[in-house]
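J.:
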Amino acid sequence: MQDVAVILPAFNEELTISATIEDFHRALPEASLWVVNNRSTDATYDRASATLKALGCRGGVLNEMRKGKGNAIRRAFTQVEADIYVVADADLTYPAVDVHVLLAPVVAGEADMVVGDRHVGGHYAAENKRAFHGFGNRLVRYLVNRLFRAQLSDILSGYRVFSRRFVKTYPILVDGFEVETDMTLHALDKRFPIMEIPVGYRDRPEGSASKLNTFRDGVRVLKTLLNILRHYRPLVFFGGLALIFLLLGLLLGLPVLEEWARTRYINRVPLAILATGVEIIAVVLAAVGLILDSIVHQDKRAFERELLHEVFSQRDRVSR
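Quick note on my numbering: the sequence shown kicks off at 83 and runs consecutively.
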């Protein structure tokens, strides 16, 4: 029997934390339940502690003082030992009863990350009251699928199941709600098997406020899109910038070239210098893109070697 840990990041969730814990305890009575209290200023910590004690289940409450969902999940992944990890929001939006279908592919070794897909059944569209968030979700999904030739439906789902192999080889370098996108990118880039399974989704109970902010998180979405290109496809990112500067330099240099062809003399010296400088920038950007693309490739090779070493080490430990 594999050990399952349920991770519930929580920031000011006093109205829903107890019900969420009870929901997952009913679904997975043998699992350990871990609430990560992320700088809550309400009664989240007290209610989580009291509920866990009353249920008598394994687990506890971890305190993470650095604000952000990414920091909360990082704390849990570094401190909690398990064979399989379930991550869900503590706002009662994801039904715990669906966890068994999410667990099955990881238990069978068919996937390292299983995502609860809110879109296939139309649950998210029916419950989501924030149109801009839906647009941002579609934009991120489109870019990720195009760059990685994937066909994922729900990039930003907060309901996921992970293998230990994924958790212990995933460096969390983001702080906030970008962590879901970052998890997906890591799995795609490092070729971890991913599965999406439809799950239910319900809006927050009345009186429970969302921590998302349309404009702030819209800026984060745009930043995420740029970082996807810069970190995972540097040749596309810097090559695209190089092409823009190349065309701009040609546009600036056309009058200079036309004047030279007509008079064999250049009067527009400042414009010639500017066009030359812009073309030099284009060459530098292209070189940066090529260098970083080689570094990304070498990083993938090193990761594959480390992963193989971890797999064989784990098999040796089991055989003993």
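Heads up, the beta-carbon is just placed ideally off N, CA and C, and yes, glycines get one too.
A quick note: this is a predicted structure, and the numbers were derived from the prediction, not measured.
(1) Tell me, which residues are paired with Leu278 by DSSP?
(2) Roughly how many angstroms lie between the CA atoms of Val405 and Ile363, to the nearest whole one?
(3) Could you tell me the boundaries of the beta strand (DSSP E) in which Arg242 lies?
(4) I need the DSSP call for Asn43, collapsed to helix, strand or coil.
(5) For His379, which option in Glu96, Leu390, His313 has the closest C-alpha, if you only look at C-alpha atoms?
(6) Please report the straight-line C-alpha distance between Thr126 and Leu323, rounded to a whole angstrom.
(7) Count the other C-beta atoms from every protein chain shown that fall within 10 angstroms of the C-beta of Leu329, then say buried if there are 16 or more, exposed otherwise.
(8) With burial defined as no fewer than 16 other Cβ atoms inside 10 Å of the residue's Cβ, what is the status of Ser100: buried or exposed?
(9) Does the distance from the C-beta atom of Glu104 to that of Asp173 stay below 7 Å?
(10) At which residues does the beta strand (DSSP E) containing Leu115 begin and terminate?
(11) Going straight from the alpha carbon of Leu229 to that of Asp375, what length do you get?
(12) When burial is assigned at 16 or more other CB atoms within 10 Å of the CB, is Gly141 buried or exposed?
(13) Which value, in whole angstroms, describes the spacing of the CA atoms of His48 and Leu317?
(14) Taking Leu90 as part of the beta strand (DSSP E), name the residues at either end of that continuous run.
(15) Just to confirm, are Asp194 and Pro275 a CB contact at a threshold of 7 Å?
(16) Around the Cβ of Phe248, are there at least 16 other Cβ atoms within 10 angstroms (buried) or fewer (exposed)?
(17) How about Phe259 and Tyr167: are their beta carbons less than 7 Å apart?
(18) If you check the beta carbons only, do Val143 and Ser131 fall under 7 Å apart?
(19) Can you tell me whether Glu209 is helix, strand or coil according to DSSP?
(20) For Ala208, which residues in the same chain have their Cβ closer than 7 Å to its Cβ, ignoring the five residues on either side in sequence?
(21) Can you find the residues in the same chain that come closer than 6 Å, C-beta to C-beta, to Ala27, ignoring five residues on each side of it along the sequence?
(22) Closest by CA to Arg436, which one among Leu134, Val189, Phe217, Arg273?
(23) Following the continuous beta strand (DSSP E) through Tyr167, name the residue where it begins and the one where it ends.
(24) For Gly321 and Gln84, what's the separation of their Cα atoms in angstroms?
(25) Determine whether the beta carbon atoms of Val369 and Gly331 lie at a separation below 7 Å.
(26) Of the residues Lys135, Asp264, Arg242, Val196, which one's Cα is nearest the Cα of Val226?
(27) Do Leu307 and Phe319 have their CB atoms nearer than 7 Å?
(28) Measuring straight from C-alpha to C-alpha, what distance separates Val145 and Phe327?
(29) Does DSSP put Gln161 in a helix, a strand or coil?
(30) Name the residue from Gly335, Val88, Phe385, Gly218 whose alpha carbon lies nearest to the alpha carbon of Val301.
(31) Helix, strand or coil: how does DSSP classify Pro187 here?
(32) Buried or exposed, going by whether 16 or more other CB atoms sit within 10 Å of the CB of Val365?
T.: Let me spell this out:
(1) The question names Leu, but residue 278 in the sequence shown is Glu. Beta-bridge pairing links Glu278 to Val197.
(2) The requested residue 405 is not part of the displayed model; the chain covers only 83 to 402.
(3) Looking at the DSSP string, the run of the beta strand (DSSP E) that includes Arg242 is 242-245.
(4) The chain is shown only over 83 to 402; residue 43 falls outside these bounds and no answer can be derived.
(5) Residue His313 is the option with its Cα nearest to His379.
(6) One C-alpha to the other measures close to 47 Å.
(7) Exposed, since its Cβ has fewer than 16 Cβ neighbours within 10 Å.
(8) With 16 or more neighbouring CB atoms inside 10 Å of its own CB, Ser100 falls in the buried class.
(9) Contact: no.
(10) Start and end: 114-119.
(11) C-alpha separation (whole angstroms): 14 Å.
(12) It is buried - the Cβ of Gly141 has at least 16 other Cβ atoms within 10 Å.
(13) It is not possible to answer for residue 48, since the shown part of the chain is limited to 83 through 402.
(14) Residues 86-92.
(15) The Cβ-Cβ distance between Asp194 and Pro275 falls below 7 Å.
(16) With 16 or more Cβ atoms within 10 Å of its Cβ, Phe248 is classed as buried.
(17) Their beta carbons are not under 7 Å apart, which means Phe259 does not touch Tyr167 by this criterion.
(18) The answer is yes: Cβ separation under 7 Å.
(19) With a pLDDT of 49 at Glu209, under the threshold of 50, the modelled position of that residue is not reliable, and the figure given next carries that caveat. Looking at Glu209 - three-state DSSP - the assignment turns out to be helix.
(20) Confidence at Ala208 is low in this model, with a pLDDT of 49, below 50, so the placement of that residue is unreliable and no value is reported for it.
(21) Examination of residue 27 is not possible in this model, given that the chain is present from 83 through 402 alone.
(22) No answer is possible for residue 436: the residues shown for the chain start at 83 and end at 402.
(23) Element bounds for Tyr167: 166-169.
(24) Each residue's CA atom was taken as its position, placing Gly321 and Gln84 some 46 Å apart.
(25) Checking the sequence, you will find Ala at residue 369 rather than Val. No; because the gap between Cβ atoms is not below 7 Å, this pair is not in contact.
(26) Closest option to Val226, Cα to Cα, is Asp264.
(27) No.
(28) Note on residue identity: the sequence assigns Asn, not Val, to residue 145. Those two C-alpha atoms are separated by around 48 Å.
(29) Gln161: helix per DSSP, three-state reduction.
(30) Looking only at Gly335, Val88, Phe385, Gly218, the smallest Cα-Cα distance to Val301 is reached by Gly218.
(31) Three-state result, Pro187: helix.
(32) Per the 10 Å Cβ criterion, exposed.
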